[in-house]
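In my numbering, the protein residues as written are 143 to 332.
We put the beta carbon where it would ideally sit given N, CA and C, even for glycine.
Fair warning: this is a prediction, and the values are worked out from it, not measured in the lab.
What follows is one structure encoded as structure tokens, with my remarks underneath.
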């Protein structure tokens, strides 16, 4: 018998032994409570079982749904896109109104080209300006007064939507669980 294989069998049910993945514990608990024998069958770590795929799709779908509603409300009320808000918000939070273009791209996890094209569209709308840095070859991105006004108008709308579609749905225990999960998965990503 393989070292990580566990055999649970009652004397009367030994002939009814079944193979299940007890790593999920749901099958194991049912079998244990009904005194049904089982073998532990280790899962291939390169595959997801049905339950794992289901939880992944639930997590991903929930995030996309909530995020999509927040962005939709913001866009309908302010005309800002998700990218516009991300740029303006980061300029104020991380740079007190201005950042090097590369720092902005890094903070948004966007490549240089994507950000450059987006900033060109935002410049045409008067939300930001760009100017070459005098000390090196970099570019400084600066929020304009129109951009700051647009951000100030969008922030309460975004906050209200986040509260409505996400925070108001949570219990204190949910918040604690989500916080622990976020911290654990953030540090677990290499």
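Option in the options with minimal Cα separation from residue i
i	options	result
residue 268	306, 285, 214, 229	285
residue 295	256, 313, 257, 219	219
residue 216	239, 246, 321, 302	302
residue 222	197, 293, 281	293
residue 360	270, 319, 305, 251	Not covered by the structure: residue 360. The range shown for the chain is 143 to 332.
residue 257	224, 314, 312	224
residue 306	249, 210, 263, 236	210
residue 243	199, 310, 282	282
residue 265	319, 252, 226	226
residue 213	315, 314, 304	304
Where the beta strand (DSSP E) through residue i begins and ends
i	result
residue 241	240-242
residue 202	Looking at the DSSP string, residue 202 is not in any beta strand (DSSP E); the run it does join, the alpha helix (DSSP H), is 192-220.
residue 272	270-274
Alpha helix (DSSP H) segment containing residue i, residue limits
i	result
residue 266	254-266
residue 305	287-307
residue 251	It is not in any alpha helix (DSSP H) - residue 251 carries neither H nor E in the DSSP assignment.
residue 280	Note, residue 280: premise wrong, no alpha helix (DSSP H); not H, not E.
residue 230	224-237
Buried or exposed by the 16-neighbour rule on C-beta atoms within 10 Å, applied to residue i
i	result
residue 153	Reliability of the predicted coordinates at residue 153 is poor, the pLDDT of 32 falling under 50, and no value is obtained from them.
residue 260	buried
residue 172	Legend: pLDDT at residue 172 = 49, less than 50; position of this residue unreliable, value from coordinates given subsequently. Looking at its Cβ environment, which holds fewer than 16 other Cβ atoms inside 10 Å, residue 172 is exposed.
residue 300	buried
residue 246	buried
residue 317	exposed
Examine the Cβ distances between the stretch 273-293 and the stretch 221-233 and report whether three or more of them are shorter than 8 angstroms.
yes
May I ask you to verify whether the stretch 196-206 touches the stretch 269-280, counting CB pairs closer than 8 angstroms and requiring at least 3?
no
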